[in-house]
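Colleague:
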Amino acid sequence: MTETLSEQLESYGAGWRARVPTDRQAVMDGHVAHLAASGIAKTAKQVGDRAPAIQLSDQHGAEFDVASLLTKGAVVVTFYRGGWCPFCNMELKAYQAVLPRLAAAGASLVAISPEKPDDVADTATKNELSFPVLSDIGHTVAKAFGVHYAFTAEVRTVYDGFKLDIPGKNGTPDDWSLPLSATYVIGRDGTILFADTRTDYRERTDPEEILRLLEHRAAAE
Numbered sequence: 002m003t004e005t006l007s008e009q010l011e012s013y014g015a016g017w018r019a020r021v022p023t024d025r026q027a028v029m030d031g032h033v034a035h036l037a038a039s040g041i042a043k044t045a046k047q048v049g050d051r052a053p054a055i056q057l058s059d060q061h062g063a064e065f066d067v068a069s070l071l072t073k074g075a076v077v078v079t080f081y082r083g084g085w086c087p088f089c090n091m092e093l094k095a096y097q098a099v100l101p102r103l104a105a106a107g108a109s110l111v112a113i114s115p116e117k118p119d120d121v122a123d124t125a126t127k128n129e130l131s132f133p134v135l136s137d138i139g140h141t142v143a144k145a146f147g148v149h150y151a152f153t154a155e156v157r158t159v160y161d162g163f164k165l166d167i168p169g170k171n172g173t174p175d176d177w178s179l180p181l182s183a184t185y186v187i188g189r190d191g192t193i194l195f196a197d198t199r200t201d202y203r204e205r206t207d208p209e210e211i212l213r214l215l216e217h218r219a220a221a222e
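Be aware that the sequence shown starts at 2, since it is given in the working numbering, and climbs by one per residue.
(1) Which residues in the same chain as Leu71 place their Cβ atom closer than 6 Å to its Cβ, once the five residues preceding and following it in sequence are excluded?
(2) Please report the straight-line C-alpha distance between Val21 and Ala15, rounded to a whole angstrom.
(3) Would you kindly work out how many angstroms separate the C-alpha atoms of Thr124 and Gly84, rounded to a whole number?
(4) Would you mind working out which of Thr184, Leu36, Ala19 sits nearest Thr153, comparing C-alpha positions?
(5) Looking at Ser182: is its Cβ nearer than 8 Å to the Cβ of Arg205?
(6) Below 8 Å on the Cβ atoms is my contact criterion, and I expect Leu110 with Leu100 to pass it. Report the Cβ-Cβ distance as a whole number of Å.
(7) Measuring alpha carbon to alpha carbon, tell me which of Arg203, Leu214, Glu222 ends up nearest Tyr13.
(8) Using the rule of at least 16 other Cβ atoms within 10 Å of the residue's Cβ for burial, across every protein chain shown, is Ser69 buried or exposed?
(9) Report the partner residues of Arg51 according to the DSSP bridge assignment.
(10) Going by C-alpha distance, which of Pro180, Gln9, Gly147 is nearest Gln47?
(11) Find out if the Cβ-Cβ distance for the pair Ala106, Ala196 is shorter than 8 Å.
(12) Tell me which same chain residues have a C-beta within less than 8 Å of the C-beta of Asp207, skipping the five on either side of it?
(13) One question on the structure: do Asn171 and Pro133 come within less than 8 Å of each other, judged by their Cβ atoms?
(14) Per the DSSP calculation, Tyr150 is bridged to which residue(s)?
(15) Quick one: what's got a C-beta closer than 7 Å to Pro118's C-beta in the same chain, skipping five residues either side?
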């Protein structure tokens, strides 16, 4: 039986804890707790809010306007940290696997990362993604949704230890920041129908949860 995304993430997380030094784990756990205490999960866009406009470059270098998808039906929008993040790659692959079911429910899907266009293209290629993957350099859209946050000095030190140059990846010198791994469903009228703004990057919305929502709405229409 195929593992759900939640099961895959849990399994990977257990392996991560087995191999990463405990001091680094403590910093990352503290980082998650800090984000939770900041209230960002509640101040970000929520169900019933109007979704901000999303106009960004896709993995092919073309300008992409999510409004063009909303004319056809609901749109699932998932923010991911970058192609360097294994949790993100598992999530993207899981959404690719259910893409036909999303389409059958009348919905489209886009993923948004702060990485540069070339890195976004690499992520789409290595994960064989056929849906739009958008580059949000400068976090314009993430900030509009309220899911953007800055690193603490301690977290930056951990990422330095992992040899991850986040500002370099994102094309934003000296800007150590990322979006939450948030997922939204936007209705045709631009209203947010679903919002998952959890602060733990090791957890993600399972595509099955999104599918249940969309399939229920499709059956009711």
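Cβ atoms here follow ideal geometry from the backbone N, Cα and C, with glycine treated the same way.
In this text, all values refer to a predicted model and were calculated from it rather than measured experimentally.
Modeller: Quick answer:
(1) Here residue 71 corresponds to residue number 70 of the sequence shown, with the count starting at 1. Result list for Leu71: Arg189, in chain order.
(2) Reading the sequence shown from its first residue, position 20 is the one you call residue 21. Reading the sequence shown from its first residue, position 14 is the one you call residue 15. Those two C-alpha atoms are separated by around 10 Å.
(3) On the sequence shown, residue 124 is found 123 positions in, with the first residue counted as 1. On the sequence shown, residue 84 is found 83 positions in, with the first residue counted as 1. Between the alpha carbons of Thr124 and Gly84 lies a gap of roughly 5 Å.
(4) Within the sequence shown, the letter at position 152 stands for residue 153. Comparing Cα-Cα distances from Thr153 to each of Thr184, Leu36, Ala19, the minimum goes to Leu36.
(5) On the sequence shown, residue 182 is found 181 positions in, with the first residue counted as 1. On the sequence shown, residue 205 is found 204 positions in, with the first residue counted as 1. It is a contact, given that the beta carbons lie within the stated cut-off.
(6) The count along the sequence shown starts at 1 and reaches residue 110 at position 109. The count along the sequence shown starts at 1 and reaches residue 100 at position 99. Confirmed, Cβ separation roughly 7 Å.
(7) Within the sequence shown, numbered from 1, the residue matching residue 13 stands at position 12. For the residues Arg203, Leu214, Glu222, the minimum Cα distance to Tyr13 belongs to Arg203.
(8) On the sequence shown, position 68 is the one that residue 69 refers to. Classification of Ser69: exposed, given that the 10 Å Cβ count is below 16.
(9) Counted from its first residue, the sequence shown places residue 51 at position 50. Assignment of beta-bridge partners to Arg51 by DSSP yields Thr192.
(10) Translated into positions along the sequence shown, residue 47 becomes position 46. When each option's Cα is compared against that of Gln47, the closest is Gly147.
(11) Working through the sequence shown from its first residue, we reach residue 106 at position 105. Working through the sequence shown from its first residue, we reach residue 196 at position 195. Judged by beta-carbon spacing, Ala196 lies beyond the 8 Å limit of Ala106, meaning their Cβ atoms are not closer than that value.
(12) Within the sequence shown, the letter at position 206 stands for residue 207. So the list reads Thr5, Leu6, Ser7, Ala95, once near-sequence residues are dropped.
(13) Walking along the sequence shown from the start, residue 171 turns up at place 170. Walking along the sequence shown from the start, residue 133 turns up at place 132. No, the Cβ-Cβ distance between Asn171 and Pro133 is not below 8 Å.
(14) Here residue 150 is taken as the residue at index 149 of the sequence shown, counted from 1. Bridge pairing for Tyr150: Leu179 [DSSP].
(15) Residue mapping note: residue 118 aligns to position 117 of the sequence shown, counting from 1. Within the same chain, Pro118 has close Cβ partners Ser58, Gly62, Ser136.
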